[in-house]
Amino acid sequence: MRTRPGDMGPSGERSDRVDFILNLAPHLLNGLSLGFLFALIALGFMLIIGVMELINLAHGSLFALGAYVAMVVIAPTASWGGALGAWYLTQPIAFRYVLALVVAPAIIASVGMLLEVCLRRTYGKDPLYGLLFTFGAAMVIEELIRIVWGSAEKFLQVPQAINGAFLVGGLIYSKYRFFAAASALLLILLVWLFLERTPYGAMIKAGAHDSEMVRALGINLKRLRLFVFGFGTSLAAMAGIIIAPIWGLRPHVGVDAVIPAFLIIVLGGVGSFWGAVIAGVLVGLAVALTAVYVSEWSLLSMYLLLIAVVTFRARGLFGKKSILEV
Amino acid sequence: MAARHISRRSFLNTVGLGAAGAGVAFYGPWKHNHVYAAKADKSLLIGFTTDASGQYGNSGEMERRGMLMAISEFNKKGGVLGRQVETIHIDTETTPATGTRVAERMITRHEVAFLMGAVSSGVANAISLVAQRYGVVYFNTNSSSPTESGKDCHRVKFVWDGNGTNFGKATVLNAINAVGKNWVLFTNDYVWGHETSKSVRALVTQHGGKIVEEMIIPVGTRDFSSYLLKLQQIKPDVVNTAVGGDDIKALRAQVGQLGMGKTPAWVQNQQDWPDVYGLPLSGVFGIFGTTWYYKLDLPGVKEFVAQYQKMYPGVSIKVPGNVYYNGYMATRELLRAVERVGSTNNIKVIKELENLKVSAKDRMQHFDAYMNPATHQMQQTVYLATANDEAAWKKDNDDLFKVLAWSKPQDVEDTDAPKACKMESYEATPSYEM
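One line per chain: the protein sequences are A and B, in this order.
Each step along the first sequence adds one to the number in this note's numbering, with nothing skipped, and position 308 is 308.
Each step along the second sequence adds one to the number in this note's numbering, with nothing skipped, and position 10 is 1010.
What follows is the structure, encoded as structure tokens:
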């Protein structure tokens, strides 16, 4: 007969509570790792909304485009560059992967900046114009991906060192998943450091708080917005490169990114950095844990979480309080 | 609702003929011939209700290609009944509501003679409700829920793919005997997933097995880590997956990454070619059912593959699979049926198709196929396959499958479907002729 929770019974049986915790622990860890990935997806989206008050519906398509560009950087299929091309293909995948992590976001940042230039005519007008423009851009980018790479599933190669699985406590885990979660966490911290510790980060935060004041202080708002848009879209690309080996790579994979990104921003509070991160983690935990115990609700769980939070706190977890709020 | 025996089109034709006949008395016989000439000149329009986006966008594209190949063969020989076949396609977006709208539009606005195409059973069911209302013959080319030829059967609908019960019968007993009795079901959360899992559950129980857990996988799931962790905690003998489209691709990739392809044993009820093409071999694990494979050593297969590659040289899927094959076969048999009856009258075509028999050689399968008149489902050979040997795959990266066995249609027939299927009568089905 068991006397206290955690005590082993006379025949060495664990209590139900300990069993429950031991069974739950891997799922909590899994949910946390998923949460960091969601937070990474939402980060670029959050920056653009925060500074420019613009919902960039092309975020998902840029997420996908970043992954496709990285795929080409890692393993170009067309013959190019003559001797240089041949040399490049002999380089280790790890080298090409790291190069892709730098080059692909830079290319997508340029695409993002071009989008921002086209968006300028919508500033100061009905926000619907900007929304519709980015929605149209999302469609165009997705179709371009389909035209260039086709609609069949593609794969992003990753270095062997982070591929495969490992065993902990009798359970198999994916090495790449932990790498992805760690990378997401690192990126989140780097972005935070950039925003908190650099002058440009201060300008971005100021622009998010009061763009008119920033302009009045002589800061070039046009250039700031251009930079923020490029930065935000490059983060979308980074998220795409990191997550594509888990989710797969197909032209419409961006839809799987933009909807959770939008939800996380609203849940965390529009414009709040830590709101986006914490909301991402909460969404990851909700999705992972419901998948285990009430699997048919797993995708719905993030929406239920959103409803539960905004019902009682309309501004989200860390959103700014409105003067209308008592 | 009273049967509508005279369509607007046939009424106008009759009036036109009457007017032409009256005109003959004043203007000579050439006016009468002109009416017939006009009808023979008019092309036969077929509506493609295939997905171009969403969960089954890839498969939708493949089945459309198969349909187009069949049509091009007929058009090269002069068309059907002397009429060229044209097509119109609207994306059904793997969404039932869109399928309904598309079917309605194609019938009422474009006045298609026939409707073809579906991979999602939810979409197929939605389309068939509209088709039955207007009497338009509809070919469900690739959806596999047992309900399509069961409780959701219709007089106008014909089902061309094997269903969850057919594939289950081919796979379940073998897996229980070879591997073990404790099963977990992965069920995609829509009609095909649920009905397939229900049928597998019945078969497992019937053969002495036990379903220890059923995990419902919402459509659109990309991250399977929680499910795979739980699977490891449960430690079943067999996992049966009724998961399709983009979801199964993600699942296979993640199982491959974890190296879980061998333990537990995986049974994918049915594996569509576009959902697995391009995966590394580690992603093609377990055993699964299919209705055709491009490397079957049967007459006509090599030529069929060559024709596909000639017609579609630049596509990313270099060899055709079951989805393309079903689209092609369904279209070919429809057009042949129209030719045999010498008319596009829907009731005549339906009656002709209900008695359809196609030889194994003509089907490029191992056994003769036949239409079950009670359910309107094509009974055909079902193949069991698994991942190919690595050596063979390295020689040809497209050669992903090793076919293990094939079952006669009679051995895997869904014997419950005729009891569940309550088809509308011919009289209750509106009649038309295009």
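For glycine and all other residues, C-beta sits at the position ideal for the given N, C-alpha and C.
Per-residue burial, residue i [other beta carbons within 10 Å of its own, 16 or more giving buried]
{"i": "A/Gly-66", "result": "buried"}
{"i": "B/Leu-1185", "result": "buried"}
{"i": "A/Asp-19", "result": "exposed"}
{"i": "A/Ala-312", "result": "Per the sequence shown, residue 312 of chain A should be read as Phe rather than Ala. Label assigned to A/Phe-312: exposed."}
{"i": "A/Ser-151", "result": "buried"}
{"i": "B/Arg-1155", "result": "buried"}
{"i": "A/Cys-118", "result": "exposed"}
{"i": "A/Trp-247", "result": "buried"}
{"i": "B/Asp-1247", "result": "buried"}
{"i": "B/Gly-1078", "result": "exposed"}
{"i": "B/Ser-1159", "result": "Note that residue 1159 of chain B corresponds to Val in the displayed sequence, not to Ser. Looking at its Cβ environment, which holds 16 or more other Cβ atoms inside 10 Å, B/Val-1159 is buried."}
{"i": "B/Lys-1422", "result": "exposed"}
{"i": "A/Val-168", "result": "exposed"}
{"i": "B/Gly-1047", "result": "buried"}
{"i": "A/Ile-328", "result": "Because chain A is modelled from 1 through 326, residue 328 of chain A falls outside the range shown and cannot be assessed."}
{"i": "A/Val-148", "result": "exposed"}
{"i": "B/Ala-1037", "result": "With a pLDDT of only 37 at B/Ala-1037, under 50, the local geometry of the prediction cannot be trusted, and the value read off the model is given with reservation. By the 10 Å Cβ count, B/Ala-1037 comes out exposed."}
{"i": "A/Thr-290", "result": "buried"}
Nearest-angstrom Cα separation, counted from residue j out to residue i
{"i": "A/Phe-95", "j": "B/Gly-1180", "result": "45 Å"}
{"i": "B/Thr-973", "j": "A/Ile-49", "result": "Lying outside 1001 to 1434, the shown extent of chain B, residue 973 of chain B is not represented and no answer is given."}
{"i": "B/Ile-1350", "j": "B/Pro-1373", "result": "10 Å"}
{"i": "A/Glu-212", "j": "A/Ile-141", "result": "32 Å"}
{"i": "B/Ala-1387", "j": "B/Lys-1318", "result": "18 Å"}
{"i": "A/His-252", "j": "A/Ile-243", "result": "14 Å"}
{"i": "A/Ile-219", "j": "A/Leu-186", "result": "30 Å"}
{"i": "A/Leu-189", "j": "A/Gly-35", "result": "15 Å"}
{"i": "B/Ile-1217", "j": "A/Gln-160", "result": "30 Å"}
{"i": "A/Leu-131", "j": "A/Phe-166", "result": "44 Å"}
{"i": "B/Asp-1414", "j": "B/Gly-1244", "result": "21 Å"}
{"i": "B/Val-1200", "j": "B/Gly-1162", "result": "14 Å"}
{"i": "A/Val-41", "j": "A/Ala-279", "result": "The question names Val, yet the displayed sequence has Ile at residue 41 of chain A. Each residue's Cα considered, the two are about 12 Å apart."}
{"i": "B/Ala-1242", "j": "A/Leu-226", "result": "47 Å"}
Residue-level contact to chain B via CB, residue i, 8 Å cutoff
{"i": "A/Glu-143", "result": "no"}
{"i": "A/Ile-172", "result": "yes"}
{"i": "A/Arg-250", "result": "yes"}
{"i": "A/Leu-356", "result": "Here chain A comprises residues numbered 1 to 326, so residue 356 of chain A is not present and cannot be evaluated."}
{"i": "A/Val-292", "result": "yes"}
{"i": "A/Asn-332", "result": "Given that chain A is displayed from residue 1 to residue 326, the structure contains no residue 332 of chain A and the question cannot be resolved."}
Span of the alpha helix (DSSP H) around residue i
{"i": "A/His-27", "result": "16-52"}
{"i": "B/Ser-1149", "result": "It is not in any alpha helix (DSSP H) - B/Ser-1149 carries neither H nor E in the DSSP assignment."}
Chain A contact for residue i (CB, 8 Å cutoff)
{"i": "B/Asn-1322", "result": "no"}
{"i": "B/Met-1434", "result": "no"}
{"i": "B/Ile-1090", "result": "no"}
{"i": "B/Ser-1282", "result": "no"}
{"i": "B/Pro-1029", "result": "Because the pLDDT of B/Pro-1029 is 33, which lies under 50, any placement of that residue in the model is unreliable, and the number read from its coordinates should be weighed accordingly. With 8 Å as the cut-off, B/Pro-1029 does not count as an interface residue toward chain A."}
{"i": "B/Leu-1258", "result": "yes"}
{"i": "B/Lys-1419", "result": "no"}
{"i": "B/Ser-1053", "result": "yes"}
Under the three-state DSSP convention, the category residue i falls into
{"i": "B/Thr-1415", "result": "coil"}
{"i": "B/Arg-1109", "result": "coil"}
{"i": "B/Asn-1188", "result": "strand"}
{"i": "B/Tyr-1312", "result": "coil"}
{"i": "A/Phe-194", "result": "helix"}
{"i": "A/Ile-174", "result": "The amino acid occupying residue 174 of chain A in the given sequence is Ser; Ile does not appear at that position. If DSSP states are grouped into helix, strand and coil, A/Ser-174 belongs with the strands."}
{"i": "B/Ala-1250", "result": "helix"}
{"i": "B/Trp-1160", "result": "coil"}
{"i": "B/Met-1329", "result": "helix"}
{"i": "B/Tyr-1227", "result": "helix"}
{"i": "B/Lys-1169", "result": "helix"}
{"i": "B/Val-1319", "result": "coil"}
{"i": "A/Met-213", "result": "helix"}
{"i": "B/Arg-1065", "result": "helix"}
Segment limits, beta strand (DSSP E) that includes residue i
{"i": "B/Ile-1090", "result": "Looking at the DSSP string, B/Ile-1090 is not in any beta strand (DSSP E), and its letter there is neither H nor E."}
{"i": "A/Ser-110", "result": "That residue, A/Ser-110, is in no beta strand (DSSP E); its alpha helix (DSSP H) goes 93-119."}
{"i": "B/Met-1215", "result": "1210-1217"}
{"i": "B/Val-1403", "result": "1401-1407"}
{"i": "B/Met-1238", "result": "Note that residue 1238 of chain B is Val in the sequence shown, not Met. Residues 1238-1242."}
{"i": "B/Tyr-1370", "result": "1369-1372"}
{"i": "A/Phe-227", "result": "Per DSSP, A/Phe-227 belongs to no beta strand (DSSP E); it is in the alpha helix (DSSP H), 221-247."}
{"i": "A/Val-168", "result": "165-168"}
Residue i CB to nearest heavy atom of the ligand ATP below 7 Å
{"i": "B/Asp-1051", "result": "Annotation note on the ligand ATP: not contained in the displayed structure, which lists no ligands."}
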